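Chains as they are written, first to last, in the numbering used here: chain A, 6 to 301; chain B, 784 to 1084. The C-beta atom is built at its ideal place from N, Cα and C for all residues, glycine as well. For clarity, every value in this text was computed on a predicted model and none was experimentally measured. Following: one structure in structure tokens, then a few remarks.
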């Protein structure tokens, strides 16, 4: 889809032009009245909460007290050395990167192998990767806690162990997007010929996957990675029940204890989602695929 | 499936390779995937399934499922279903109109791009930050609350509105429901061929008749499938509701959360059965969605 980068590049001048004068084709592109009304309503619904959050992040200058707009609430969370903002954010990034690496390490060889050798297994693998849509996070974490609280896998006893459980749970959560992205990527290349060519040059399986398959589906891998990042950074339910000190529970706690600081952090969190989604769009196929992180 | 056919033809050529001579080796290639899902998905799910059929003494029983009619559980399910249904239908309707406005309403193309990008972001902007954003908007001191109160010289709180109620939660859920609808339904609207409209008009159909007898029946499976998916999307949500209400609103996901923290049902088996009930409802939603999706592809290819 060529519109990918255009969404950002297209600015007001071009926009006004196409509103002002009818396009050369048969109908004037002025739009029906109902369409403008609906779009306007959607625009308000989308932006009002963001404007309100932004306004609160500045100290609620239109509120009853009418303070001067101030950036000190951002400073309180970002600059204060006692603030947990950066440690939590960095920890979430670490968890996200571990999740992405694990997810790619499992999904790419599986999708490749299923396409090459076990095509009959494809519906089963696809079905399994879609399970996170069926098992809500709160139910999944319920089962995980029960499984890993005692022998033979007492992972929940230590912080490190529960982080492993968290990464494992997020990896499962990333499977629907990662598998779909990788499988679509593999469809576009002739893995049969590539594999034979690599084999005839003496490459082993690890070399084929890392040296031949990875570079050929890098766009798909990056899309899957950014979506996983967007989901993992803000995730609350699983992290909270597993007692992990990630960004989601931090924001939740801040929201319960402070008035204006959480607004600033929400804006930052929204910005991160936007960057991840923008990256996917920029990579080329954002507009076509449905990319939604499931129930939260 | 052209893929499978091609694989069949190439079988002869492939048998020269070592893996084909040892079929076990072919299965080895997918074993990490199955081991991983076994450990982090099937085993945890199995714990819930088995636990839901055991009583407090560890004896097999079906009582836990019979106990799902306990008021606290039944009420939680009823609330979840009500909220999910209302936001699925409301979000579905608004999302459909929004997608139609840019695809069929003749709005400039850049607005379509903008809407699709925003929808991708908004449908992923759920959970804690979303709940906070709405507290700043429609909470007691909220931006919009103040605006409405000042403009209409009223107090929406006194008039009975609370963001921390079912209605409030529905307004918040709508924020990720309608963008999801836009993303799902846009391809279906794109699939409506211009020829169909022209053919209908040539035969003297009015705009209403075209929609009533041509476009709507073609879109119906997509619309229903999308609304069912939205239902599941709201049904499984937990973080948004928890942050908004501090865990006080009695919906299924919140009650399960409370059960994990402290056995509020005073019966571990019932907790497992309740979790299984959520999975069953989600499974029905996803199955319904994929069946209808397959049906809609017949026309909209």
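Neighbour-count burial assignment, residue i, 16 or more Cβ in a 10 Å radius
i, result
"residue 842 of chain B", "exposed"
"residue 30 of chain A", "Residue placement at residue 30 of chain A cannot be trusted, given a pLDDT of 46 that sits under 50; what the coordinates show is reported in the next sentence. That one is exposed."
"residue 282 of chain A", "buried"
"residue 963 of chain B", "buried"
"residue 75 of chain A", "exposed"
"residue 153 of chain A", "buried"
"residue 27 of chain A", "Because residue 27 of chain A sits at a pLDDT of 41, beneath the cut-off of 50, its placement in the model cannot be relied upon, and the point is left open."
"residue 902 of chain B", "buried"
"residue 122 of chain A", "buried"
"residue 1021 of chain B", "buried"
"residue 895 of chain B", "buried"
"residue 1063 of chain B", "exposed"
"residue 245 of chain A", "buried"
"residue 856 of chain B", "buried"
"residue 207 of chain A", "exposed"
"residue 861 of chain B", "exposed"
Cutoff 8 Å: residue i Cβ touching any chain A Cβ
i, result
"residue 843 of chain B", "no"
"residue 960 of chain B", "no"
"residue 880 of chain B", "yes"
"residue 815 of chain B", "yes"
"residue 820 of chain B", "yes"
"residue 948 of chain B", "no"
"residue 964 of chain B", "no"
"residue 831 of chain B", "yes"
"residue 919 of chain B", "yes"
"residue 894 of chain B", "yes"
"residue 1043 of chain B", "yes"
"residue 858 of chain B", "no"
Anticipated Cβ contact below 8 Å, residue i with residue j, distance rounded
i, j, result
"residue 1017 of chain B", "residue 866 of chain B", "6 Å"
"residue 57 of chain A", "residue 926 of chain B", "4 Å"
"residue 112 of chain A", "residue 175 of chain A", "Not quite, the Cβ-Cβ distance comes to about 13 Å (not below 8 Å), so this is no contact."
"residue 909 of chain B", "residue 1026 of chain B", "Not confirmed; about 10 Å, so no contact."
"residue 125 of chain A", "residue 827 of chain B", "With 8 Å as the limit, residue 125 of chain A and residue 827 of chain B do not qualify as a contact, their Cβ atoms being about 27 Å apart."
"residue 167 of chain A", "residue 247 of chain A", "5 Å"
"residue 993 of chain B", "residue 980 of chain B", "6 Å"
"residue 939 of chain B", "residue 932 of chain B", "6 Å"
For residue i, the nearest candidate out of the options (CA to CA)
i, options, result
"residue 369 of chain A", "A:238, A:253, A:227 and A:245", "The question about residue 369 of chain A has no answer, for chain A in this structure spans 6 to 301."
"residue 820 of chain B", "A:91, A:177 and A:122", "A:177"
"residue 1056 of chain B", "B:829, B:824 and B:1069", "B:829"
"residue 66 of chain A", "B:1033, B:924 and B:1052", "B:924"
"residue 71 of chain A", "B:890, B:1051, B:853 and B:929", "B:929"
"residue 835 of chain B", "B:1024, B:1052 and B:943", "B:1052"
"residue 136 of chain A", "B:824, B:1011, B:1032 and B:1080", "B:824"
"residue 1074 of chain B", "B:920, B:1007, B:1023 and B:981", "B:1007"
"residue 134 of chain A", "A:52, A:48 and A:188", "A:188"
"residue 202 of chain A", "A:182, A:217, A:193 and A:192", "A:217"
"residue 876 of chain B", "B:1063, B:1013, B:1068 and B:1032", "B:1013"
"residue 1066 of chain B", "A:141, A:35 and A:78", "A:141"
"residue 194 of chain A", "A:208, A:221, A:169 and A:171", "A:221"
CB contact below 8 Å: residue i versus chain B
i, result
"residue 122 of chain A", "yes"
"residue 50 of chain A", "yes"
"residue 77 of chain A", "no"
"residue 203 of chain A", "no"
"residue 83 of chain A", "no"
"residue 138 of chain A", "yes"
"residue 161 of chain A", "no"
"residue 53 of chain A", "yes"
"residue 141 of chain A", "yes"
"residue 229 of chain A", "no"
"residue 183 of chain A", "no"
"residue 295 of chain A", "Residue placement at residue 295 of chain A is flagged as unreliable, the pLDDT there being 46, under the threshold of 50; the coordinate-derived value follows with that caveat. Answer yes: the Cβ-Cβ gap between residue 295 of chain A and chain B drops below 8 Å somewhere."
"residue 95 of chain A", "no"
"residue 60 of chain A", "yes"
"residue 40 of chain A", "yes"
"residue 275 of chain A", "yes"
"residue 70 of chain A", "no"
"residue 37 of chain A", "yes"
"residue 145 of chain A", "yes"
Check: residue i C-beta below 7 Å from any heavy atom of the ligand GDP
i, result
"residue 898 of chain B", "The ligand content of the structure shown is nil, which means the ligand GDP is not present either."
Three or more C-beta pairs closer than 8 Å, one from the region 57-74 of chain A and one from the region 256-274 of chain A: is that the case here? yes
Can you confirm whether the region 995-1002 of chain B touches the region 970-978 of chain B when touching is taken to mean that 3 or more C-beta pairs between the two stretches lie within less than 8 Å? yes
Inspect the CB distances between the region 92-106 of chain A and the region 1032-1052 of chain B and report whether three or more fall short of 8 Å. no
Stretch pair the region 807-818 of chain B + the region 111-120 of chain A: three plus CB contacts closer than 8 Å: yes
Are the region 94-104 of chain A and the region 233-241 of chain A touching, with three or more C-beta to C-beta distances below 8 Å? yes
Does the region 75-89 of chain A come into contact with the region 149-167 of chain A, if we say contact requires no fewer than three beta-carbon pairs (one atom in each stretch) closer than 8 Å? Verdict: no, contact absent.
Are there three or more Cβ pairs, one per stretch, closer than 8 Å when the region 843-858 of chain B is compared with the region 1052-1067 of chain B? yes
Inter-stretch contact at 8 Å, needing at least 3 Cβ pairs: the region 874-885 of chain B / the region 210-222 of chain A: no
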